[in-house]
Every structure is written in C-alpha cells, then in structure tokens.
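Just below is one structure, and these are the notes that go with it.
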Amino acid sequence: GQSLEQPSEVTAVEGAIVQINCTYQTSGFYGLSWYQQHDGGAPTFLSYNALDGLEETGRFSSFLSRSDSYGYLLLQELQMKDSASYFCAVNEDSNYQLIWGAGTKLIIKP
Amino acid sequence: NAGVTQTPKFRVLKTGQSMTLLCAQDMNHEYMYWYRQDPGMGLRLIHYSVGEGTTAKGEVPDGYNVSRLKKQNFLLGLESAAPSQTSVYFCASSTRGEPTQYFGPGTRLLVL
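Line order of the protein sequences matches chains L and Y.
Those letters in the first sequence? Residues 7 to 116, per the working numbering, in order.
Those letters in the second sequence? Residues 4 to 115, per the working numbering, in order.
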C-alpha cells in the first residue's frame, strides 16, 4: 500500500530550529515535495527533492534519502508566521500526481 | 494574473442535489487537478487532467465527474451529493516538467 508518515504536531519556540520528518512507502517515486498550509488557506509549494541531499531556500531546507525512503523539512529562525501545517507529498509518476501525508501542525510559542 | 480561481467559495447542498465546481487558471498550465481535504487529513486526488480534452481518475473518483473542454478550465461535478462528500475542494494546476502545483483558494461544501 501507499503511505506517508509524518508527526501530527510539533511545538517549537520563536527563533529556534525545527525539523519535520516524513517517511514514505509508495509504488513509484519521482520526488518529494513540501507544502505549507495556513488555517483556512490553500497549500503553497515550499520545496522539491528528486535526488538525495539537501536543498536550501532561505530559512527553509529540505533533505531526501531515497535509500531510506525518508525526507525532512528544516525550518530555521522560526517566526510566528511559520505557524501552519506542513505536508510532505510524493510524486509517484511523471504526471506529478501527488500522494499526500496527513500533515504536521507546527505550533510556535513566543 | 489571477493564478487559480475557484467558484463558488462556499455551498450548502441537500442530499441528492447536483452541482458543478469551476476551476480556472490563467497560467497556461497543461496539468490540472481536483483534490478534497477532510479534517486532519492530507489532500486526496479525485481526478486530474494532463491536457485539454483528457481526464483521468485519481485516488478517490467515485461520485465525481470532470470535464476539461478548455485548457484553462477544469470542472468538477457531483451528480447526486451525499453527506460523505462534505469537504473542502481544492483545484490545482502545474506545467509539464515542473513539480510545483499552484492551488486555488478552495470551495467549502456542506452536504446535509
């Protein structure tokens, strides 16, 4: 079967660093995407990893290990506006159909 | 440049009624998708399209139909609504060769 596992909730302090993990089991794999969704809003794209290693975009970084079927999103210098749900999603084929995790709610405390 | 737009934003239906959700994008994207999102869950793909005139089933297609008569529009139809279809529906689009999907603001549907 297909499944993506990520923690349901993570709490961190403003200014700190937090890592959100994602493990996957899918029939195909082209890449791992991360999306951010604020309450009541639409998902917005954060990053994409097709190859092993670290991708950095400003305060956000994403890592992939294909051999371990594992990835993570790293958020640095946390700001209150980063409070949101974060979803990992696997591209199973070249049409970029996405299989989504259930999401991780990030709670940031001052 | 409006991106991806969805109409309506909110709708209440009675069981057995029908309706059509409209998605439009002005980015000339080839691919379009319909998802549903239920509380505490990730998005699930209902149907998708890789080009004008083509559609395909996703993970949860039962009870829904779609059409893509024009490249910029993707319609999602519910022929006979059921309470289990109460959800938030998101449309998204992407361009061939790029993984980024751009989402509309969503349609909140309540079926009584």
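Here a beta-carbon is modelled for each residue, glycine too, at the ideal position from N, C-alpha and C.
_Looking only at its chain, what residues have a beta carbon closer than 7 angstroms to the beta carbon of Ala-85 of chain Y, apart from the 5 residues adjacent to it on each side?_
Numbered from 1 along the second sequence, position 82 holds the residue referred to as residue 85 of chain Y. When the five nearest sequence neighbours on each side are left out, the beta carbons in the same chain lying within less than 7 angstroms of the beta carbon of Ala-85 of chain Y are those of Thr-18, Gly-66, Val-114, in order along the chain.
_Between Phe-131 of chain L and chain Y, is the shortest Cβ-Cβ distance under 9 angstroms, so that the two count as touching?_
Lying outside 7 to 116, the shown extent of chain L, residue 131 of chain L is not represented and no answer is given.
*Pull out every residue of the segment 49-80 of chain L whose Cβ sits closer than 9 angstroms to any Cβ of chain Y, in chain order.*
In summary, the residues of the segment 49-80 of chain L whose CB is separated from some CB of chain Y by less than 9 angstroms are Pro-49, Thr-50, Phe-51, Tyr-54, Ala-56, in the order they occur in the chain.
*On the three-state DSSP scale, how would you describe Gln-88 of chain Y?*
As a working note, residue 88 of chain Y is residue 85 in the second sequence. It is helical.
*To the nearest angstrom, report how far apart Asp-58 of chain L and Thr-103 of chain Y are at their CA atoms.*
Position 52 of the first sequence, counted from the first residue, corresponds to residue 58 of chain L. Position 100 of the second sequence, counted from the first residue, corresponds to residue 103 of chain Y. Cα-Cα distance, rounded: 19 angstroms.
*Under the three-state reduction of DSSP, which class applies to Lys-73 of chain Y: helix, strand or coil?*
For this step, residue 73 of chain Y is matched to residue 70 along the second sequence. In the three-state DSSP reduction, Lys-73 of chain Y falls in the coil class, being neither helix nor strand.
*asked:* Are the CB atoms of Val-69 of chain Y and Arg-47 of chain Y within a distance shorter than 9 angstroms?
replied: Here the question's residue 47 of chain Y lines up with position 44 in the second sequence. Here the question's residue 69 of chain Y lines up with position 66 in the second sequence. Contact flag unset, no.
*What whole-angstrom Cβ distance do Val-7 of chain Y and Glu-33 of chain Y have, given they're in contact under 8 angstroms?*
Position 4 of the second sequence holds residue 7 of chain Y. Position 30 of the second sequence holds residue 33 of chain Y. In this structure Val-7 of chain Y is not in contact with Glu-33 of chain Y, their Cβ atoms being roughly 14 angstroms apart against a cut-off of 8 angstroms.
_Give me the DSSP bridge partner(s) of Lys-115 of chain L._
Here residue 115 of chain L corresponds to residue number 109 of the first sequence, with the count starting at 1. Under the DSSP definition of a beta bridge, Lys-115 of chain L partners with L:Val-19.
*Closest by C-alpha distance to Ser-75 of chain L, when choosing among L:Pro-116, L:Ser-14, L:Gly-37, L:Val-19*: Numbered from its first residue, the first sequence carries residue 75 of chain L at position 69. Ranking L:Pro-116, L:Ser-14, L:Gly-37, L:Val-19 by Cα distance to Ser-75 of chain L puts L:Gly-37 first.
_Please list, in chain order, the chain Y residues whose beta carbon lies closer than 7 angstroms to that of Ala-108 of chain L._
Stepping through the first sequence from its first residue, residue 108 of chain L is reached at position 102. Here the neighbours are Gly-43, Met-44, Gly-45.
*Helix, strand or coil: how does DSSP classify Lys-60 of chain Y here?*
Locating residue 60 of chain Y in the second sequence gives position 57, counting from the first residue. Note: Lys-60 of chain Y maps to strand in three-state DSSP.
*Beta-carbon neighbours of Asn-97 of chain L, restricted to chain C and to distances below 9 angstroms*: Checking the listed chains, one finds no chain C in this structure; the protein chains it contains are L and Y.
*Would you say Ser-89 of chain L and His-44 of chain L are within 9 angstroms of each other, going by their C-beta atoms?*
In the first sequence, counting from the first residue as 1, residue 89 of chain L sits at position 83. In the first sequence, counting from the first residue as 1, residue 44 of chain L sits at position 38. Yes. Within cutoff.
*Go through its chain and collect everything with a Cβ distance to Arg-99 of chain Y's Cβ below 6 angstroms, but skip five positions before and after it.*
Numbered from its first residue, the second sequence carries residue 99 of chain Y at position 96. Excluding sequence neighbours, Arg-99 of chain Y sits near Glu-33.
*asked:* Could you tell me the alpha carbon to alpha carbon distance between Tyr-41 of chain L and Leu-104 of chain L, rounded to whole angstroms?
replied: Against the first sequence, residue 41 of chain L aligns to sequence position 35. Against the first sequence, residue 104 of chain L aligns to sequence position 98. Taken atom to atom, the span from the alpha-carbon of Tyr-41 of chain L to that of Leu-104 of chain L is near 11 angstroms.
*Leu-60 of chain L to Ser-67 of chain L, Cα distance in whole Å?*
Residue 60 of chain L sits at position 54 when you count from the first residue of the first sequence. Residue 67 of chain L sits at position 61 when you count from the first residue of the first sequence. When rounded, the distance between both Cα atoms is 7 angstroms.
*Using only alpha-carbon positions, find the residue among L:Leu-79, L:Glu-83, L:Asn-101, L:Ser-91 that is nearest to Gln-40 of chain Y.*
In the second sequence, counting from the first residue as 1, residue 40 of chain Y sits at position 37. Closest by alpha carbon: L:Ser-91.
*Would the beta-carbon of Ala-48 of chain L fall within 9 angstroms of that of Pro-42 of chain Y?*
Mapped onto the first sequence, residue 48 of chain L falls at position 42. Mapped onto the second sequence, residue 42 of chain Y falls at position 39. No.
*Whole-Å CB distance - Leu-78 of chain Y paired with Leu-25 of chain Y, under 8 angstroms assumed*: The residue given as residue 78 of chain Y occupies position 75 in the second sequence. The residue given as residue 25 of chain Y occupies position 22 in the second sequence. Indeed they touch by this definition, with Cβ atoms about 6 angstroms apart.
_For a cutoff of 9 angstroms on Cβ pairs, would you count Leu-113 of chain Y as touching chain L?_
Within the second sequence, the letter at position 110 stands for residue 113 of chain Y. Not an interface residue.
*In whole angstroms, what is the alpha-carbon distance linking Gly-64 of chain L and Leu-52 of chain L?*
Stepping through the first sequence from its first residue, residue 64 of chain L is reached at position 58. Stepping through the first sequence from its first residue, residue 52 of chain L is reached at position 46. Using only the alpha carbons, I get a separation of about 11 angstroms.
*asked:* Between Ser-14 of chain L and chain Y, is the shortest Cβ-Cβ distance under 9 angstroms, so that the two count as touching?
replied: Mapped onto the first sequence, residue 14 of chain L falls at position 8. Interface residue, yes.
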